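*Asks:* Once you know that position 312 of the sequence shown is 361 in the working numbering, the rest is easy, because the numbers rise by one and skip nothing. Note that CB positions come from ideal geometry on N, CA and C, so glycine has one too. Just so we're clear, the structure is a prediction, and the values are computed from it rather than from any experiment. First the structure, then my questions, so here it is.
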Amino acid sequence: MQDSRQNQQSDFMIEKIKERPINKKKLLRRTVTTAAMAVIFGLIACLTFLILEPVFSNWLSPEEKPQTVVFPEESEEMDPEDMLVEEEPPSLQEAVESVILSREQIQKILENIRLDEKHYIQLYNAMGAYTASLSRSMVTVTGVTSDVDWLNDTYESEVQTYGVVVESNGREYLILTDLDTIKQAENILVTFSDGTQAEAVMKQADQQTGLAIISVEIADVLEETREKVEKAALGSSNMRNPVGIPVVALGCPMGVVGSAGYGMITASGSVLNKVDANYKLLTTDIYGSPESEGVLFNMQGQIVGIITNDRISPDMKNAVTAIGISELRKLIENMSNGKEPAYMGISGMDVTPEANQEMGVPFGAYVREVDMNSPAMLAGIQRGDVIVEIDDSSIENFNNYAATLLRLEAGATITVTVQRLSQNSYREMEMEITLGTAD
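The following block contains the structure:
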């Protein structure tokens, strides 16, 4: 009996618990499935975050959308006699006549005026103070480009030009500047009047005028600098007689950034012919650099012209000349809103009353040249055609044509009505043109 118990105990003690065999294929399959599910859920989470993050960010701290830039329209200039109200009493005319001085009285007053060097200094001090106030809207634009020298060492080259703050859309400062200086730049830096700098990006450019709008985020500008920045007001260049009006040239009129020049407008009869637009030129007696750039201000702090290097007369290559701001106002507005200039590709002129009466040429935009491979040429417009209508807009002269084109979008398809000379008479034709962009 005792031996039997010992045998049972020994049998119990020699029992072994065997581990369950591992199914490696099944384990591998579960591992791969788990990893795949983790990757899928991770991708879904990333996509969900990317999609919803801007929504929640905008909900928690809504970002202010940039405002649409609209420059106020120019007020028509009035003659002095038009400013008098018809209901004014006759005594006003009598009062005016009573202050008219005779030539002897004027001569006597002038004899009592003595000007010396103090007055000359005061005059230039006043002009210097005025220029300093205008400089609050001026900036220096630097285009930075990286390059490699012949030793394979990388270096940076910098080119500078002027800039003028023309508007703010609530989120950005919009700065008008020269396109050629920054066209190839990798980085654009703006230096404000107090010396602080901020990075800028290209907003929009116009190849024909060589102008560009760059933008600087207001949030990137120091608070104390923002308090000093002023927007330059756009004036008018459509004065009836601008000759003799004093102006100040700022930017690079002497070929150096930050230079200035004082003078007056001496001529305004020249026209600068460009593709799809003609511009009135304002010539001054300011002796500047042949490579001058910048803006012309009148004495009311308004921009009246943008300095250009396109000269009409080679014997006046040093006279600072500017494109009238009235012809550029809508273009600057479009570029400030990021709108790309529409391009049709013609150069033209007005039809004169003499041509209309003597040769029967209809009034409209007379086509002198057509750019090769331009939308106008591809649609069939030829030299000598007269554009009389674009869609439902009547075209009476070339300025009407340019103004209508500024209101259109690049890529839009329009109907252009032309009058073409055929067998000694003009016949009307309609053409469908898809507007492009100038390279």
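DSSP puts S492 in a beta bridge; with which residues?
*Replies:* There is no way to answer for residue 492, as the model of the chain reaches only from 50 to 488.
*Asks:* Along the chain, where does the alpha helix (DSSP H) containing T462 start, and where does it finish?
*Replies:* Unbroken run through T462 is the beta strand (DSSP E), 462–471; no alpha helix (DSSP H).
*Asks:* Is V90 buried or exposed, if buried means 16 or more other CB atoms sit within 10 Å of its CB?
*Replies:* Position check: residue 90 holds Phe in this sequence, whereas Val was assumed. The residue in question, F90, is exposed, as its Cβ has fewer than 16 Cβ neighbours within 10 Å.
*Asks:* Leaving out five residues before and five after A428 in sequence, what residues of the same chain have Cβ atoms less than 6 Å from its Cβ?
*Replies:* Excluding positions up to five away in sequence, the list reads M480, I482.
*Asks:* How long is the line joining the alpha carbons of A461 and M421, rounded to whole angstroms?
*Replies:* A461 and M421: Cα-Cα distance of roughly 20 Å.
*Asks:* Taking the straight line between their C-alpha atoms, what separation do you get for V215 and L223?
*Replies:* Roughly 6 Å separates the two Cα atoms.
*Asks:* Determine whether the beta carbon atoms of P115 and R220 lie at a separation below 8 Å.
*Replies:* The answer is yes: Cβ separation under 8 Å.
*Asks:* Here's the rule: buried if 16 or more other CB atoms are within 10 angstroms of the residue's CB, otherwise exposed. What is M393?
*Replies:* With 16 or more other Cβ atoms within 10 Å, it is buried.
*Asks:* Pick out whichever of S286, Q209, I155, N236 has its Cα sitting closest to the Cα of S341.
*Replies:* The residue with the shortest Cα to Cα distance from S341 is Q209.
*Asks:* Taking three-plus beta-carbon pairs below 8 Å as touching, is the segment 299–306 in contact with the segment 249–265?
*Replies:* Flag = no, the segment 299–306 and the segment 249–265 do not touch.
*Asks:* DSSP on L380, reduced to helix/strand/coil?
*Replies:* Residue state, collapsed to three classes: helix.
*Asks:* Can we say the segment 322–338 touches the segment 175–192, given the rule of at least three CB pairs closer than 8 Å?
*Replies:* Flag = no, the segment 322–338 and the segment 175–192 do not touch.
*Asks:* Assess contact between the segment 408–427 and the segment 283–294, defined as three or more Cβ pairs (one per stretch) separated by less than 8 Å. Is contact present?
*Replies:* No, the segment 408–427 does not touch the segment 283–294.
*Asks:* Just the C-alpha distance for I155 and R163, rounded to the nearest angstrom, thanks.
*Replies:* Roughly 14 Å separates the two Cα atoms.
*Asks:* Between which two residues does the beta strand (DSSP E) holding K329 run?
*Replies:* Where K329 is concerned, the enclosing beta strand (DSSP E) stretches over 326–336.
*Asks:* Compute the Euclidean distance between the alpha carbons of I444 and M398, then round it to the nearest angstrom.
*Replies:* About 12 Å.
*Asks:* Report the three-state DSSP secondary structure of G433 (helix, strand or coil).
*Replies:* Note: G433 maps to coil in three-state DSSP.
*Asks:* I'd like to confirm the pairing. Which residues does DSSP put opposite A254 in its beta bridges?
*Replies:* A254 pairs with A261.
*Asks:* Can you tell me which of Y311, Y328, G312, I436 puts its alpha carbon nearest to the alpha carbon of S319?
*Replies:* For the residues Y311, Y328, G312, I436, the minimum Cα distance to S319 belongs to Y328.
*Asks:* Within the continuous alpha helix (DSSP H) that includes Q116, where are the two ends?
*Replies:* Taken as a continuous stretch (DSSP letters only), Q116 belongs to no alpha helix (DSSP H), as it is neither H nor E.
*Asks:* In this structure, does DSSP put E137 in helix, strand or coil?
*Replies:* The predicted model places E137 with a pLDDT of 49, which falls under 50 and marks its position as unreliable, so this point remains unresolved.
*Asks:* Excluding the five sequence neighbours on either side, which residues of its own chain have a C-beta within less than 6 Å of the C-beta of A368, listed in chain order?
*Replies:* Within the same chain, A368 has close Cβ partners T332.
*Asks:* Going by CA-CA distance only, name the one from S206, E205, Q256 that's closest to L228.
*Replies:* Per the Cα distances, Q256.
*Asks:* With G284 and N218 assumed to form a contact (beta carbons below 8 Å), what rounded beta-carbon distance in angstroms separates them?
*Replies:* About 21 Å; that fails the 8 Å criterion.
*Asks:* On the DSSP bridge assignment, give the partners of L455 in chain order.
*Replies:* The partner list for L455 (beta bridge, DSSP) is empty, contrary to what the question assumes.
*Asks:* Where does P424 sit, in a helix, a strand or coil, going by DSSP?
*Replies:* Of the three classes helix, strand and coil, the one that applies to P424 here is helix, per DSSP.
*Asks:* Please list the segments of the beta strand (DSSP E) lying wholly inside the segment 171–206, counting only runs of 3 or more residues, in order along the chain.
*Replies:* Qualifying beta strand (DSSP E) stretches, in chain order: 187–197.
*Asks:* Could you pull the start and end residues of the beta strand (DSSP E) that A298 belongs to?
*Replies:* Start and end: 295–301.
*Asks:* Around the C-beta of S110, are 16 or more other C-beta atoms found within 10 angstroms, so that it is buried, or is it exposed?
*Replies:* The predicted position of S110 is uncertain, since its pLDDT is 49 and thus under 50; no value can be drawn from it.
*Asks:* What does the Cβ neighbour count give for R79, buried or exposed, with the cut at 16 atoms within 10 Å?
*Replies:* Classification of R79: exposed, given that the 10 Å Cβ count is below 16.
*Asks:* Around the C-beta of P129, are 16 or more other C-beta atoms found within 10 angstroms, so that it is buried, or is it exposed?
*Replies:* At P129 the pLDDT is 38, less than 50, meaning the model places this residue with poor confidence; the figure from the coordinates comes in the next sentence. Its Cβ having fewer than 16 others within 10 Å, P129 is exposed.
*Asks:* Between which two residues does the beta strand (DSSP E) holding N236 run?
*Replies:* N236 -> beta strand (DSSP E) spans 236–240.
*Asks:* To the nearest angstrom, how far is it from the Cα of S375 to the Cα of N236?
*Replies:* If I take the Cα positions, the gap works out to 31 Å.
*Asks:* So, with DSSP's three-state summary, where would you put F447?
*Replies:* Residue state, collapsed to three classes: helix.
*Asks:* Quick check: the Cα distance between D488 and S423, rounded to an integer number of angstroms?
*Replies:* Near 11 Å, if we compare the C-alpha coordinates of S423 and D488.
*Asks:* Counting pairs of Cβ atoms below 8 Å between the segment 377–385 and the segment 244–255, do you hit three or more?
*Replies:* The segment 377–385, when compared against the segment 244–255, does touch it at the 8 Å Cβ threshold.
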